[in-house]
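Novice: Position 341 of the sequence shown, counting from 1, maps to 340 under numbering that gives the first Met the number 0, and the rest follow consecutively.
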Amino acid sequence: MMTFLILAVLVLGFLVVLRLSRVAELASELRGLREENIPERDNRINGRLMWVFGVLYLALFTWIPFHYSDVFLPPPASTQGVWIDDMYIYNWILLGVVFYGTNIALFWFAGKYYHRADRRAHWYPHNNTLEMLWTVVPSVVLVATIIYGIIVWNRITQAPAPGTMEVEIYGKQFDWTFRYPGKDGKLGATDYRLITADNPLGIVTRKGIADRLAGLKDELAKAVADRDAQSAVLPKDRLKEKDEDIAHMSRMVERIMGLQTLIEQDIKDNGDNSSYLHGADDKVTKEFHLPVNEDVELLIRSQDVIHSVYLPHMRAQMNAVPGMTTRMHLKPTITTDSMRLITKNEQFDYILMCNKVCGISHYNMQSPLTVETPGAFKVWSLMLPVFEKPAAAATAAPAAADSTKAVEAPAAQAAAGTNKQSN
Ligand SMILES: [Cu+2]
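Shown next as structure tokens:
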């Protein structure tokens, strides 16, 4: 109701102003004045109002960032974040100079040179020097800005120094999974053909492939036996379906056998350096921890659609693209505990958010990040279960889809026996 009244008052007020201006028009007509003949006094008032508006407008723009400074992000928590913030500040200064310069000039001239009957405008059609100046200066500044940006981008994405710890961030609709290297300090290779509930990242290991192959062959044999046993009683279309399923399974077996050949060849060629030999001791977890003041190389993958790894407090972002691995360096410089002191917020946590609208639960695709001392990080990572337990526990399928579950229920996994997986 209130809204309606306010609207009504506004509409009526507008109509009144329209009417009044019509009255003023008629009055000046009666006095024999032409419509475009505006008294100098009116023009001067309008000119002064330009100045008043300009001052208020610029004051508002200046006031906003100060007023809302409490909702800004805390200081950058990584080395790369400092670079990004520096670039950001550089851009703000540049834009500030242009913004205040052009707007002050705009309002100043509009207010000063209001129309006066006794003043003629100066006819000044062209000036090559000026043209040159306002073409060359912005071009040079823009090129410098782009070069600055490319330099920072290259520093963030260049090849890491040897020995840098690699951490994998794996995105899928709608959560994040993390993988840390084991004792060998290297992340093993992955292959989408090996993705199952127990191996969500598709980590390649010799045993994993053998198990998967055995499981698939079992399933295939069972499906064939099943089909043969029922061939006399099943209707034709059901039989056809079963044949298609069997064909699909055989293709899967062939693909994995192909992968196996590829891997054995790679191991033969590269020996211990083969990336296929480094997966067994990897650690897969749903928790995200990083050591402070140590370089890490983030390897980013996606299972389904484009996601984006966004760490606002680190000023870091990189897309997660299906079918490829994207990378970026990160060196966190402030632990979670220190940041809690800095922000005076005991609940503070760094956060990893998905920054691509990737589907219905995109808003909830996030994960807290704990930055801790290298010692604390080491203790935490040693507690994580390895992806594939050494040969002694041959029957277990050490799934690490959920680190806590895996820690709590090793017996249940052992009881589950060999991993027979369906695709
Ligand atoms: Cu996403």
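For glycine and all other residues, C-beta sits at the position ideal for the given N, C-alpha and C.
1. Could you pull out every unbroken alpha helix (DSSP H) segment of at least 4 residues lying fully inside the segment 292–357, listed in chain order?
2. Quick check on Arg237: does DSSP put it in helix, strand or coil?
3. Report buried or exposed for Ala279, applying the criterion of at least 16 other Cβ atoms within 10 angstroms of its Cβ.
4. Given that a residue counts as buried once 16 or more other Cβ atoms are within 10 Å of its Cβ, and exposed if not, what is Phe376?
5. Go ahead and pull the three-state DSSP assignment for Arg226.
6. Count the other CB atoms, across all protein chains shown, that sit within 10 Å of the CB of Asn127; report buried if there are 16 or more and exposed otherwise.
7. DSSP on Glu39, reduced to helix/strand/coil?
8. Which residue comes first and which comes last in the alpha helix (DSSP H) that contains Arg18?
9. Taking the alpha helix (DSSP H) that Phe106 falls in, what are its first and last residues?
10. At a threshold of 8 Å, does Ala304 count as lining ligand 1 (C-beta to nearest heavy atom)?
11. Can you check DSSP and say which residues form a bridge with Pro290?
12. Spell out the partners DSSP gives Asp69 in its beta bridges.
13. Which complete alpha helix (DSSP H) runs does the segment 100–186 hold, if anything under 4 residues is left out?
14. Here's the rule I'm using: 16 or more other beta-carbon atoms within 10 Å means buried, otherwise exposed. How should Gln264 be labelled?
15. Does Ser273 come out as helix, strand or coil in the three-state DSSP assignment?
16. Can you say whether His121 is buried or exposed, counting buried as having 16 or more other CB atoms within 10 angstroms of its CB?
17. Does DSSP put Ala400 in a helix, a strand or coil?
18. Is there at least one non-hydrogen atom of ligand 1 closer than 8 Å to the beta-carbon of Phe386?
19. Can you look up Thr204 in the DSSP assignment and give me helix, strand or coil?
20. Between the Cα of Glu218 and the Cα atoms of Lys241, Ile202 and Val232, which residue gives the shortest distance?
21. Could you check if Ser366 belongs to the surroundings of ligand 1, using beta carbon to heavy atom distance under 8 Å?
22. Please report the straight-line C-alpha distance between Asp225 and Asn292, rounded to a whole angstrom.
23. Would you kindly report the start and end of the unbroken beta strand (DSSP E) that includes Val283?
24. Can the beta-carbon of Gly162 be found less than 9 Å from the beta-carbon of Gly184?
25. Below 9 Å between beta carbons: does that hold for Tyr169 and Ile359?
26. In the structure shown, what three-state DSSP assignment does Thr195 receive?
27. Comparing C-alpha positions only, which one of Pro331, Ser337, Leu215 and Val203 sits nearest to Gln79?
28. Once DSSP output is grouped into helix, strand and coil, what is the label at Ser366?
29. Taking the alpha-carbon positions, what's the Thr144 to Val135 distance?
30. What separation, rounded to the nearest whole angstrom, lies between the Cα atoms of Arg118 and Leu32?
31. Return the chain-ordered list of same chain residues with a C-beta closer than 7 Å to the C-beta of Thr334, the five sequence neighbours on each side being excluded.
32. With 16 other CB atoms within 10 Å as the buried threshold, where does Gly322 fall?
33. Just the Cα atoms here: how many angstroms apart are Ser274 and Val232?
34. Could you check whether the segment 314–329 touches the segment 59–67, counting it as contact only if at least three pairs of C-beta atoms, one from each stretch, sit closer than 8 Å?
Specialist: In this structure, then:
1. 335–341
2. helix
3. buried
4. buried
5. helix
6. exposed
7. helix
8. Met1 to Leu29
9. Thr78 to Lys111
10. Sequence check: residue 304 is Val here, not Ala. Yes, ligand 1 has a heavy atom inside 8 Å of this Cβ.
11. Glu371
12. Paired residues: none, contrary to the question.
13. 127–156
14. exposed
15. coil
16. exposed
17. Any answer about Ala400 is weak, because its pLDDT of 42 lies below 50 and its placement is not dependable; what the coordinates show is given next. Three-state result, Ala400: coil.
18. no
19. coil
20. Lys241
21. no
22. 59 Å
23. Lys282 to Thr284
24. yes
25. no
26. coil
27. Pro331
28. strand
29. 14 Å
30. 20 Å
31. Val291, Val370, Glu371 and Thr372
32. exposed
33. 50 Å
34. no
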